[in-house]
Amino acid sequence: MMNFKSITFFVVFLSCLLVSRAEKVEVVVEGATPIAQTDEDFICVTLDWWPTNKCDYDQCPWGQAGLFNLDLKNKILEKAVKAFHPLRIRVGGSLQDQVVYNVRNNIENCQPFQKQDKGFLFGFSIGCLDMKRWDELNEFFNQTRAKVTFGLNALIGRKESETEKTLWVGDWYSHNARDLMSYTISKGYTIDSYELGNELCGVGVSARIEAKQYAKDMATLKNLVKGMYPNQKTQPKVLGPGGFYDKKWFDTFLDASGHDVIDGVTHHIYNLGPGNNPDVVRRVQDPFFLTQIAQTFKDVSNAIDKFAPWSGAWVSESGGAYNSGGQLVSYTFAFGFWYLDQLGMTSVYNHKVYCRQALTGGNYALLNTTTFVPNPDYYGALLWHRVMGSKVLSVMHKGSPYLRVYSHCAKKEPGVSFVFINLSKNTSFEIDLFHDLNLNGGSPNFEFKGHKKREEYHLTPKDGNILSSIVLLNGTPLELSDSLEIPKLKPKLVDGLKPISIAAHSIAFVTIRDFNAPACS
């Protein structure tokens with residue numbers, strides 16, 4: 022008969038098992054050849070035009086983060102961008118097709134966006150960018166060594182159709198863009214790429230353009246860029262259409278665009294629904310939901326292979342939940358499940374660049390809109406940029422779908438890097454790695470045992486609460502120093518012979534320097 026102490030011990034032991042149980046998983050890496058390749062600077066963020074009075078669901082989360090208002094002298098902002106060395110920054114967003122550039126000082130009353138009840142897209146007037154602000158922005162980009170994509174106004178020169186609602190007709194008027202490029206070149210500012218338009222493809226969001234007309238306008242932009250930047254080595258890339266994937270529209274657009282016109286085929290992702298959707302927190306933990314969007318990445322990649330193989334796929338804006346992000350989720354640890362899974366999936370489907378909405382502004386910002394203090398996803402993005410190289414490896418396992426795994430050649434130095442995403446609240450995982458070097462599937466995999474110490478970066482939420490906005494690295498909270506420096510991200514070194522342990526509700530980056538994959542040599 023059990024005594025009281027025995028019963029108590031049994032209950033405690035049973036409850037520990039129920040709270041968190043470890044599951045052994047064999048992860049197989051195919052290291053012979055890469056399956057895809059990203060750009061070296063895969064991580065990208067958007068700086069948006071939204072003014073202070075951009076509001077959704079009774080809140081106005083943009084503050085002073087819009088391009089007209091952003092405090093470009095803020096030291097935290099500067100250091101946060103510099104830490105990437107370099108960070109891609111896309112200048113654009115919903116209002117970019119209502120921005121005019123006052124290069125010749127011929128626009129009277131050149132003002133930022135004003136709230137309008139009707140007659141304008143998104144409820145805001147035309148916004149006017151004067152060259153003083155353009156100078157300030159470029160000083161910031163130069164100071165932080167950012168790589169800049171500039172989103173051009175694609176509606177300028179067109180008018181709304183009299184017969185079809187939201188359809189805009191006529192040719193793109195390129196003269197204002199030419200003036201901006203001319204000024205930009207004269208000042209010695211570097212632009213990595215120009216993107217034409219924002220969410221005007223397919224059925225559009227507030228406006229749309231027919232696919233063949235858009236293709237014609239892309240050719241106009243390409244010729245303009247070639248003329249303004251004759252040196253091919255420094256010539257900015259041309260990107261488009263920067264909207265939501267629609268098979269018929271994209272196929273027509275790419276087929277009509279002409280050889281070597283488009284350097285990057287850009288599309289947007291907001292697969293979590295509206296920002297006030299209470300289901301967002303469940304969706305970011307649901308592996309079956311997260312996987313659904315893979316078909317879009319695959320379709321875009323396939324369309325490019327068929328119609329524009331000289332080009333590459335980019336996600337040029339992705340905020341998960343539209344209308345400024347998930348109100349209680351997008352700035353928390355939980356959102357990293359969605360974000361890092363997106364980075365992994367898009368890299369597998371041969372996307373070159375992934376632009377997060379936004380660097381600051383909205384609920385989905387990497388930096389707090391008011392203080393610029395990094396949110397959890399900032400550190401996930403920075404770790405990806407530092408440890409995940411451009412060559413993508415095939416990796417698979419037959420364990421729980423709540424364990425997501427992606428693998429790349431390590432950045433700069435030898436070895437292989439992994440990101441493990443554990444969506445499970447209750448299950449931890451013990452990982453044994455296997456290396457499949459056979460291209461034909463004939464020979465058995467062999468278990469990999471490292472002899473050098475592994476570099477591990479384990480990200481967990483404060484107090485185990487995934488809705489916390491404080492993230493821990495290997496058990497230590499990531500916080501700015503007293504001098505407002507971004508914290509150093511140091512790995513813990515682990516015996517390479519031991520299995521890799523992934524805690525419940527955690528994210529881990531792991532680099533193995535003596536994992537000799539031929540794809541990475």
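Residue numbers (this note's numbering): 22 to 542. Glycine included, every Cβ here is placed at the ideal spot set by N, Cα and C.
The beta carbons of K483 and L514 sit no closer together than 7 Å. Cβ neighbours of E220 within its own chain (closer than 6 Å, five residues either side excluded): V226, G264. When C-alpha distances from A86 are compared across Q80, D77, T73, L510, the shortest belongs to T73. DSSP places Y291 outside any alpha helix (DSSP H), giving it a letter other than H or E. Where D200 is concerned, the enclosing alpha helix (DSSP H) starts and stops at 196-207.
Below 8 Å, enough C-beta pairs join the region 526-537 and the region 434-446 to call them touching: three or more.
Short of 8 Å from the beta carbon of D267, and not among the five residues preceding or following it, lie these beta carbons of its own chain, in chain order: C222, G223, V224. Within the same chain, E44, V46, L424, I523 come within 6 Å of F450 by CB-CB distance, once the 5 residues on both sides are set aside.
With a cutoff of 7 Å on beta-carbon distance, G84 and T391 are scored as near each other. With respect to the 7 Å criterion, A329 and L275 are classified as neighbours on the basis of their beta carbons.
Separation of C541 and Y235 (C-alpha to C-alpha, rounded to the nearest whole angstrom) is 39 Å.
The three-state reading of DSSP puts Y235 in helix, counting H, G and I together. Annotation: L217 to N537 spans about 42 Å, alpha carbon to alpha carbon. Its chain contains E47, P520 as the residues whose beta carbon lies nearer than 6 Å to that of D453, once the 5 sequence neighbours on both sides are disregarded; these appear in chain order.
The residue from F105, F141, A228, V169 with its alpha-carbon nearest to that of T67 is V169. Scanning I177, S368, K237 for the CA closest to the CA of Y194 turns up I177.
In summary, Y78 is exposed, with fewer than 16 beta-carbon neighbours lying within 10 Å of its beta-carbon over all protein chains present.
Beta-bridge analysis with DSSP links Y122 to L150. The Cβ atoms of G191 and R179 sit closer than 7 Å to each other. In this structure L518 is not in contact with P508, their Cβ atoms being roughly 30 Å apart against a cut-off of 8 Å.
In the three-state DSSP reduction, L518 falls in the coil class, being neither helix nor strand.
Note: S438 is bridge-paired with H429, T532 in the DSSP secondary-structure output.
Taken through DSSP and simplified to helix, strand or coil, Y78 comes out as coil. Nearest C-alpha to I230 among T273, P251, K247: T273.
Secondary structure of N443 (DSSP, three-state): strand. As the crow flies, the alpha-carbon of L493 is around 39 Å from that of N323. Two segments are said to touch when three or more pairs of C-beta atoms, one from each, lie closer than 8 Å; by this definition the region 306-324 does not touch the region 243-260. Ranked by Cα distance from V102, the options S351, S490, R304, Y400 are led by Y400. With fewer than 16 other CB atoms across the displayed protein chains lying within 10 angstroms of its CB, H196 is exposed. Around the Cβ of F467, a 10 Å sphere holds fewer than 16 other Cβ atoms; the residue is exposed. By the C-beta density criterion, P262 is buried, having at least 16 other C-beta atoms within 10 angstroms. For I97, there is no enclosing beta strand (DSSP E); the enclosing alpha helix (DSSP H) has its first and last residue at 96-103. Counting other Cβ atoms within 10 Å of its Cβ, K243 reaches 16 or more and is therefore classed as buried. Between F89 and F134, the alpha-carbon positions lie close to 9 Å from each other.
Counting along the chain, the unbroken beta strand (DSSP E) around P482 starts and ends at 475-482.
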